[in-house]
Structure formats: structure tokens, C-alpha cells
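Scroll down for the structure; my scribbles are underneath it.
Numbering (this note's numbering), first residue to last: -16 to 133.
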């Protein structure tokens, strides 16, 4: 009986050590928030990850008057490694988009002026899609503007 328990205990201990030593580098080697250098390594790593993807920066809400021409700034950031970059705008039925609904972009930072008008009072949506290719893989991100028309 004792022979069986010793190999089992040793095997279990080795598996436990191997499993706990494979922590992700973003989790500070498995020590959580109290690891040495945790506060200095984490923000930079996350910022580098965020900078490597295309992004759309658009206000989340807009209060507008029915029938008036309105405008929102859309900031588009696309790293140089992305190709075939396009911007598509879709809206609810009661919103008329005054600016172009489809744009072909280059891999840079650009400002897009999103012009629109609402036909009836209420809550409406405008969604901006950013599509791109990176090394043969498709990438899509979107952001929605909630329009409150009164």
C-alpha cells in the first residue's frame, strides 16, 4: 500500500508544480497584483497591444434637434501593417446620413466628419464599421452612436 502512495504523491506534486509555473506574462508570473514590477510592466504591455489594432473613436451619445443638420467627429487610427482599410456607416431607418457611407482609407490616423439628420423624434443608432486586412486575416471593429432626437 505504501509503495502505491509514494509514486502517486510524487506524480501529483510534479504535475502541480508544472501547472503553476506556466503563468501568463500578463499576469506577472502568476503572483497577481502583488508581484514585484507588476505596476511597471502591465500598463506598457497593454498599451502596446492596444496600439497594434485599428480603432474608432466616436462619442457614444448625441442629443440633436429633429430636422437639423448634425455632425460628429470620428477619429480613425490604423497601424501601417493593415491593408484594404474601409469604413462603412449604417443607420436606423429614421436617420439620413449626409456624409459618404463608404470610404476607402489608408493605414494612417484620419478624422471623418459624420454628418446626419433625424427625421422623427426618438432614439436612433448610427454604427460605424472599420474593416481591414492584416497578413491575410480580416479584422473588423465597430462603434455605435446613440442619437436622441427631440
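C-beta atoms are modelled at their ideal positions from N, C-alpha and C, and glycine is treated no differently. Predicted, not measured: the structure shown is a model, and the values here were computed from it.
- Taking the CA atoms as reference points, residue 52 sits about 12 Å from residue 96.
- Between residue 111 and residue 46 the beta-carbon gap is near 19 Å, outside 8 Å, which marks them as no contact.
- Taking a cut-off of 8 Å for Cβ pairs, the stretch 118 to 125 and the stretch 83 to 90 do not touch, as fewer than three such pairs fall below it.
- Judged by their CB atoms, residue 79 and residue 106 are not nearer to each other than the 8 Å cut-off.
- Contact annotation: residue 74 and residue 129 have beta-carbon atoms that are not nearer than 8 Å.
- Around the beta carbon of residue -11, fewer than 16 other beta carbons sit within 10 angstroms, so the residue counts as exposed.
- Shown here for residue 41: same chain residues with a beta carbon closer than 7 Å to its own, the five before and five after excluded, namely 55, 57, 111, 126 and 128 in chain order.
- When secondary structure is reduced to three states using DSSP, residue 117 falls in the strand class.
- Going by beta carbons, residue 37 and residue 113 fall inside the 8 Å limit.
- In the structure shown, residue -6 adopts helical secondary structure according to DSSP, grouped into three states.
- A distance of 8 Å or more separates the beta carbons of residue 72 and residue 115.
- The beta carbon of residue 65 sits closer than 8 Å to those of 37, 90, 115, 116, 117 and 122, all from its chain and outside the five residues before and after it, given in chain order.
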